[in-house]
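For the protein sequence lines, the chains are V and U, in the order given. So the first sequence is numbered by the working numbering: it starts at 1 and just counts up by one. So the second sequence is numbered by the working numbering: it starts at 1 and just counts up by one. Yeah, the Cβ is synthetic: ideal placement off N, Cα and C, and Gly gets one too. The structure presented is a predicted model; accordingly, all values stated were derived computationally and were not measured.
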Amino acid sequence: MEVFLIFISAVLVNNFVLSYFLGICPFIGVSGKIESASSMGFAVTFVLTLSAAITWLINRYILIAFNVPFLEYVSFIIVIAALVQFVEMFIRRMSKTLYDALGIYLPLITTNCAILGLALFGALRQYSFIENIVFGIGAGLGFTLALVVMAGIREELDLADVPKPLQGAAITLIIAGLLALAFMGFAGLISA
Amino acid sequence: MGITVLFISIVSMGGVGLVLAIILAIADKKLAVEEDPRVTKALELLPGANCGACGFAGCNAYANALVEGKVSISACKPGGNEVSRKLAELLGVEEAEEMSPKVARVFCSGGLAEAVRSRVYTGVETCAAAHLIGGEKACVYSCIGYGDCVFACQFDAICMGENGLPEVDLERCTGCGECVKACPRHIIGLTGYEEVVHVYCSSHDKGAVVRKVCSAGCVACGLCEKDDETGAVTMKDGLSVVDHGVDKAPVLAAKRCPTKVIRISSPTPGYEDVFKKAKEKLEAAIAQEEAAKAAAKAAKKSKETE
């Protein structure tokens with residue numbers, strides 16, 4: 001039950017993008033088309049899940065075991081950077097089109113604060129190994145959900161008559177704000 | 001204690017780094033993508049300015065498209081003929097027809113000395129911002145002078161002159177057209193190397209208005225198109241326009257222009273010969289015409305005396 005709550009909490013109630021405002025850069029940058037948005041979401045989910053597992057191991061068996069908690073940031077960033085490199089090679093091998101569509105945002109997953117945020121949250125909340133992985137999957141799916149919803153709205157928006165001063169980034173930010181407001185509605189779902 | 005912690009830190013982080021590095025090294029070998037080696041070579045040939053003049057998002061994208069054979073090898077304007085020749089060699093395709101190299105020229109003569117400044121602008125110092133409320137100069141077609149074009153130029157070919165007008169270094173200009181896009185008043189244009197005469201004013205105002213706001217503007221007097229049946233120079237919407245396809249008249253127009261906004265331009269570097277020939281051709285045509293007129297006049301005179 002605890003695990004299920006962590007999952008729901010990460011996807012909806014404490015959605016990384018729309019409640020914690022982490023990972024806004026790809027949220028704005030890659031939410032133009034549903035296809036690339038979902039691919040980006042799954043790439044991030046993959047990195048989140050793997051990094052949740054590895055950072056938990058590092059935290060438990062290196063940082064806590066040797067009592068060097070101040071190395072948290074350094075070690076987590078190393079892991080994330082390596083994972084992103086790995087994902088980049090993988091996607092490039094699997095689909096050149098997808099690789100081109102994601103463009104610069106793929107290596108930028110390294111600096112996606114949602115991923116470092118997840119690693120730090122996991123350490124802070126003292127989750128168990130399974131809980132931490134579920135937390136990672138949940139956060140990733142929440143991120144994907146936010147991106148896909150945003151992309152869906154933006155695809156419709158291409159057909160709408162947006163006033164000139166609001167076109168482009170401006171209307172995107174307004175929509176992001178409205179979406180965040182809407183996600184506030186989930187706040188009562190779980191009493192944390 | 002201190003030394004132990006330091007030791008543990010170095011060993012643990014080094015260990016983590018090493019393990020990840022080994023994994024990545026293996027993955028790099030296993031997941032290697034076969035890339036056409038010509039892409040890297042084509043990329044080396046390109047200027048690497050990522051100006052976007054070819055229509056692709058940077059040199060890398062263009063190099064990829066080139067190798068796939070989807071685009072013309074002469075789309076790179078900064079690289080010019082030299083690059084397109086090398087690309088032809090590399091890709092083994094027919095050499096494209098000679099590109100017409102272009103350079104940017106600023107079609108405004110209203111510098112600080114010539115143009116009347118009727119307002120004081122204290123806002124953000126970019127042309128785009130100043131253009132929204134009109135800038136300092138009274139002429140609404142004038143160069144605003146905050147140098148958006150200077151910043152847009154990737155090749156350091158434009159600098160602001162002492163007179164507050166941008167000056168294009170024709171040696172460095174590659175004709176990529178970024179400054180043309182950056183200018184909110186659209187007074188920068190790309191010109192071909194065979195063009196001899198240009199109108200260095202963009203004002204469509206009536207003569208009286210232009211006289212009030214600038215001493216170096218086109219006053220739409222129409223002297224340039226007078227006696228000109230070839231149609232090389234025409235008045236269009238209060239501004240004279242030179243048709244470069246037509247011989248003869250432009251040089252004459254430059255001589256006639258009272259405010260000297262129609263001027264003989266400096267030649268495009270590397271094409272001085274073509275420019276000189278074009279100019280000589282124009283001048284010869286005019287001399288011929290004038291001689292014919294003088295002869296007709298003399299004939300008339302001698303007829304009258306008879």
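Could you check if residue i is buried or exposed, using at least 16 other CB atoms within 10 Å of its CB as the buried criterion?
| i | result |
| --- | --- |
| Ala187/V | exposed |
| Glu290/U | exposed |
| Phe121/V | buried |
| Val19/U | exposed |
| Phe86/V | buried |
| Arg172/U | exposed |
| Glu136/U | buried |
| His316/U | This structure leaves residue 316/U out entirely; chain U is present only between 1 and 306. |
| Glu162/U | exposed |
| Glu178/U | buried |
| Phe70/V | exposed |
| Asn59/V | buried |
| Tyr369/U | Residue 369/U cannot be examined here, being either before or after the span of chain U that is shown, 1 to 306. |
| Glu34/U | exposed |
| Phe7/U | exposed |
| Thr40/U | exposed |
| Lys77/U | buried |
| Ser302/U | exposed |
| Glu2/V | exposed |
| Ala115/U | buried |
Smallest Cα separation from residue i: which of the options?
| i | options | result |
| --- | --- | --- |
| Ser12/U | Glu131/V, Tyr20/V, Phe76/V and Val44/V | Phe76/V |
| Pro37/U | Asn60/U, Ser215/U and Gln154/U | Asn60/U |
| Ile28/V | Leu120/V, Phe70/V and Gly177/V | Gly177/V |
| Met160/U | Ala285/U, Val106/U, Asp273/U and Val197/U | Val106/U |
| Leu223/U | Gly238/U, Val213/U, Lys212/U and Val209/U | Gly238/U |
| Arg119/U | Leu45/U, Gly15/U, Gly134/U and Leu282/U | Gly134/U |
| Leu5/V | Lys33/V, Ala82/V, Phe135/V and Glu155/V | Phe135/V |
| Val124/U | Gly48/U, Ala208/U and Tyr146/U | Tyr146/U |
| Glu225/U | Cys257/U, Ala208/U and Ile264/U | Cys257/U |
| Asn112/V | Asp161/V, Phe16/V, Val3/V and Val11/V | Phe16/V |
| Ile286/U | Thr259/U, Ala254/U and Val261/U | Ala254/U |
| Met194/V | Leu12/V, Leu159/V, Ile62/V and Ile80/V | The structure shown does not extend to residue 194/V, since chain V is modelled only from 1 through 192, so no value can be given for it. |
| Ala182/V | Ile54/V, Ile109/V, Ala146/V and Ala43/V | Ala146/V |
| Ala151/V | Met40/V, Gly138/V, Leu22/V and Leu98/V | Met40/V |
| Leu43/U | Leu87/U, Val33/U and Ser74/U | Leu87/U |
| Phe46/V | Gly138/V, Val148/V, Leu189/V and Val149/V | Gly138/V |
| Lys96/V | Ser36/V, Ile190/V and Val74/V | Ser36/V |
| Ser31/V | Ile78/V, Ile91/V, Val74/V and Ala101/V | Ala101/V |
| Thr55/V | Ile24/V, Met1/V, Ile115/V and Ile175/V | Ile115/V |
| Pro26/V | Ala123/V, Arg125/V, Tyr127/V and Leu106/V | Leu106/V |
| Arg154/V | Leu18/V, Ala65/V and Leu179/V | Leu179/V |
| Leu46/U | Lys29/U, Asp28/U, Ile26/U and Asn81/U | Asn81/U |
| Thr234/U | Val209/U, Arg211/U, Ile262/U and Val210/U | Ile262/U |
| Ala53/V | Ile34/V, Gln167/V, Tyr127/V and Ile174/V | Tyr127/V |
| Thr126/U | Ala113/U, Arg117/U, Val116/U and Val150/U | Val150/U |
| Ala32/U | Leu157/V, Ala170/V, Ile91/V and Leu118/V | Ile91/V |
| Ala53/U | Ser9/U, Lys277/U, Leu91/U and Lys102/U | Lys102/U |
| Leu282/U | Lys297/U, Ile264/U and Ser109/U | Ile264/U |
| Val140/U | Gly164/U, Ala157/U and Gly110/U | Gly110/U |
| Glu280/U | Glu194/U, Ser202/U, Ser84/U and Gly270/U | Glu194/U |
| Ala49/U | Ile144/U, Asp28/U, Ala129/U and Cys176/U | Cys176/U |
Return the bridge partner residues of residue i from the DSSP annotation.
| i | result |
| --- | --- |
| Ile262/U | Val199/U |
| Pro184/U | For Pro184/U, which the question treats as bridged, DSSP gives no partner whatsoever. |
| Cys214/U | Ala115/U |
| Lys102/U | Gly192/U |
| Lys236/U | Leu239/U |
Which residues in chain U have a C-beta closer than 9 Å to the C-beta of residue i? List them in chain order.
| i | result |
| --- | --- |
| Phe90/V | Ala27 and Leu31 |
Along chain V, in chain order, which residues have C-beta atoms closer than 9 Å to that of residue i?
| i | result |
| --- | --- |
| Leu350/U | Any answer about residue 350/U is impossible in this case: the structure gives chain U only from 1 up to 306. |
Name the chain V residues whose beta carbon is nearer than 8 Å to that of residue i?
| i | result |
| --- | --- |
| Met13/U | Leu71, Val74, Ser75 and Ile78 |
| Leu20/U | Ile78, Val79 and Ala82 |
| Val16/U | Ile58, Ile62, Ser75, Ile78 and Val79 |
For residue i, return the contacting residues in chain U, with the cut-off set at a CB-CB distance below 8 Å.
| i | result |
| --- | --- |
| Val68/V | Val5, Ile8, Ser9 and Ser12 |
In chain U, what lies closer than 7 Å to residue i by C-beta?
| i | result |
| --- | --- |
| Arg93/V | Leu31 and Val33 |
Alpha helix (DSSP H) runs wholly inside the stretch 3–87 of chain V, at least 4 long, in chain order:
24–29 and 34–58
May I have a chain-ordered list of the beta strand (DSSP E) segments no shorter than 3 residues that lie completely inside the stretch 124–171 of chain U?
158–160 and 166–168
Which ranges does the alpha helix (DSSP H) cover as unbroken runs of at least 4 residues, wholly within the stretch 13–78 of chain U, from first to last along the chain?
37–45 and 59–68
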